[in-house]
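J.: Residue numbers (our numbering): 1208 to 1659. Backbone N, C-alpha and C fix where the C-beta goes; we use that ideal spot for every residue, glycine too.
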Amino acid sequence: MTSLLFIDGRTSAVVRNVGTLALLLLIFPFTLAVVAISWVWSFLSSPFRQKPTSTSEVKRILLTGGKMTKALQLARSFHLAGHEVFLVETHKYWLSGHRFSRAVKGFYTIPAPEKDSDGYCQGLLDIVKREHIDVFIPVSSPVASYYDSLAKSVLSPICEVIHFDPEITQMLDNKYTFCEQARVLGLSAPKVFLISDPEDIINFDFKADGSRYILKSIAYNSVTRLDLRKFPFEGMEDYVKQLPISKDNPWVMQEFIKGQEYCTHSTVRNGKIRLHCCSKSSPFQVNYEEVSNPRIYEWIKYFVRDLNLTGQISFDFIEADNGRVYPVECNPRVHSAITMFHDHEGVANAYLYDSQDENEAAISPLPDSKPTYWLYHELWRLTEIRSLKDLQAWINKIVKGTDAIFDPNDPLPFLMVHHWQIPLLLLNNLRKQKGWIRIDFNIGKLVEIGGD
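1. So, helix, strand or coil for phenylalanine 1438, using DSSP?
2. With a cut-off of 8 Å, do at least 3 Cβ pairs link the region 1539 to 1548 to the region 1270 to 1279?
3. Should histidine 1584 go down as buried or exposed, given a rule of 16 or more other Cβ atoms within 10 Å for buried?
4. Closest to isoleucine 1182 by C-alpha separation, out of Glu1387, Ala1389 and Lys1437, would be which residue?
5. Considering only DSSP beta bridges, list what cysteine 1484 is partnered with.
6. Quick check: the region 1448 to 1464 against the region 1410 to 1429, are at least 3 beta-carbon pairs closer than 8 Å?
7. Can you give me the C-alpha to C-alpha distance between glycine 1289 and arginine 1217, rounded to a whole angstrom?
8. What residue range does the beta strand (DSSP E) around lysine 1652 cover?
9. Quick one: grab the DSSP three-state call for valine 1247.
10. Does the contact criterion of 3 or more C-beta pairs under 8 Å hold for the region 1299 to 1309 versus the region 1370 to 1381?
11. Would you kindly work out how many angstroms separate the C-alpha atoms of glutamate 1536 and tryptophan 1643, rounded to a whole number?
12. From arginine 1337 to serine 1521, what does the alpha carbon distance come to, in whole angstroms?
13. Taking isoleucine 1507 as the reference, which of Ser1489, Asn1538, Ile1365 and Glu1496 has the closest Cα?
14. In this structure, does DSSP put glutamine 1329 in helix, strand or coil?
15. In the region 1356 to 1397, which residue ranges form an unbroken alpha helix (DSSP H) of at least 4 residues, counting only runs that do not cross its ends?
16. Pull the bridge partners of tyrosine 1495 from the DSSP assignment, please.
17. Among Thr1297, Asp1380, Pro1345 and Ala1282, which residue has its Cα nearest to the Cα of aspartate 1659?
18. As an exercise, report each continuous beta strand (DSSP E) stretch of at least 3 residues that is fully enclosed by the region 1271 to 1309, in chain order.
19. Looking at glycine 1651: is its Cβ nearer than 8 Å to the Cβ of valine 1624?
20. Spatial neighbours of glutamine 1388 within its chain, please: C-beta separation below 7 Å, excluding the five flanking residues on both sides.
21. Cβ atoms of cysteine 1366 and valine 1335: under 8 Å apart, would you say?
22. Leaving aside the five residues before and after asparagine 1224 along the sequence, list all residues of the same chain whose C-beta is less than 6 Å from its C-beta, in chain order.
23. What three-state label does DSSP hand leucine 1573 in the structure shown?
24. Along the chain, which unbroken stretches of the alpha helix (DSSP H) at least 4 residues long are found entirely within the region 1526 to 1570?
25. Return the first residue and the last residue of the beta strand (DSSP E) that phenylalanine 1400 is part of.
26. Does the Cβ-Cβ distance between tyrosine 1558 and threonine 1609 come in under 8 Å?
27. By alpha-carbon positions, which one of Ser1352, Ser1489, Val1342 and Ser1348 ends up nearest to leucine 1362?
28. Have a look at the DSSP bridge pairing and note the partners of tryptophan 1458.
29. So what's valine 1221 in DSSP terms, helix, strand or just coil?
30. State the Cα-Cα distance for the pair aspartate 1333 and methionine 1443, rounded to the nearest angstrom.
31. Pull up the distance between the alpha-carbon of histidine 1339 and that of glutamine 1329, whole angstroms please.
32. Using the Cα positions of lysine 1577 and serine 1356, report the straight-line distance between them to the nearest angstrom.
33. My output table needs one value for threonine 1609: the three-state DSSP class, helix, strand or coil.
34. What's the C-alpha gap between alanine 1310 and glutamate 1655?
35. Closest to valine 1606 by C-alpha separation, out of Thr1579, Ile1592, Arg1588 and Gln1628, would be which residue?
Shown next as structure tokens:
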């Protein structure tokens, strides 16, 4: 019986990989035509286009996370300001379509940090020395945030590093210690309990407590992070017993707060917010439109000020019905919402230079800036449309927004991500007869059980 299930699983994986490759091949001629026209137009109009903004000092910038759209966005922002950008990825993602961007001067691959932390740090150090890097800005994956903090001690004597120290990264990335730290600072935070054994949940007195909860893995898990069922529920005991909860792999049980969810990104230097954006949360976090929420901004302002933080920090917030805001998660890394700065010329200065004016406000996306989406995600969502109203909403989103990868003056990444990077990953899974949960065009990877 087990062998039959294994054969069925392999067959399903093959069919899914082949089917997806066929769909991408079907779309390829249209994408190629758009990119080719854009490339020709960009080439012909380049003599008349505004040159990169001159700066008093051209810096050489090293960005990690080269497969992700947020790294491409930062590369373009620094290039727009006249700086030189080098991208880094792990060996698995040598196929990154972003390496073909005109904003990228050089592309390197290094070992995956979770597999070879010393090799990862040494690889970064070698690039910094070879390319005479002035500033290292990690565009971290969830797994890499801590290792980028370890690399900071190695790289800091040679170049500036815009990232947190290891102990700060660990505190922020841990859903339990982060909420506890917020309470220490006198800021609002949901109730949270550390869970190191399924019995901790089974024996919890939910009736006396009176709140509902969501269970989250402290260690990043690309699959279980999407499971937001609310505790308690019927069958809860059997469910928690099959989860990998232990003293070595603790989880948290966090109070569920009803309200509007928001996601944010802030770039901070010496405890001051230099760049900030905020968006209502969306399915799979691949639609971003700037909204102003002063309560959230004030919460973040006090948090980063009291800890005197320098780095990139992202939050998920819930605004309760009474207007109070609660942070439900903190990620010590850049958020994909930074794509909302696609047409803002001030990003580089916000990252690289301290403000001398204490009253200077952080930059935000421009008031008339278009919301961002990923077109191939949206094409996938056409299958979910069930009514004319759904179709009208979908068309309205496409017309009013802009693709986060496509830039008419830098069109090649749009072609290469969708018809090189993702197909090669699919072909590799096809070769291994391996399945996947979903394709994340934003992150540039296949979301897999036990994946990165």
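T.: Walking through what the data contain:
1. strand
2. yes
3. buried
4. Because the chain in this structure spans residues 1208 to 1659, residue 1182 falls outside the shown range and cannot be described.
5. His1472
6. yes
7. 49 Å
8. 1652 to 1654
9. helix
10. no
11. 26 Å
12. 31 Å
13. Ranking Ser1489, Asn1538, Ile1365 and Glu1496 by Cα distance to isoleucine 1507 puts Asn1538 first.
14. helix
15. 1373 to 1380 and 1382 to 1391
16. Thr1579
17. Thr1297
18. 1291 to 1297
19. Taking 8 Å as the Cβ cut-off, glycine 1651 and valine 1624 qualify as a contacting pair.
20. Met1378
21. The answer is yes: Cβ separation under 8 Å.
22. Leu1633, Asn1636 and Leu1637
23. coil
24. Correct list: 1554 to 1559.
25. 1399 to 1402
26. Their beta carbons are not under 8 Å apart, which means tyrosine 1558 does not touch threonine 1609 by this criterion.
27. Val1342
28. Ile1402 and Ser1424
29. helix
30. Cα to Cα, the separation comes out at about 50 Å.
31. Inter-residue distance for histidine 1339 and glutamine 1329 is about 15 Å (C-alpha atoms, whole angstroms).
32. 34 Å
33. strand
34. 30 Å
35. Thr1579
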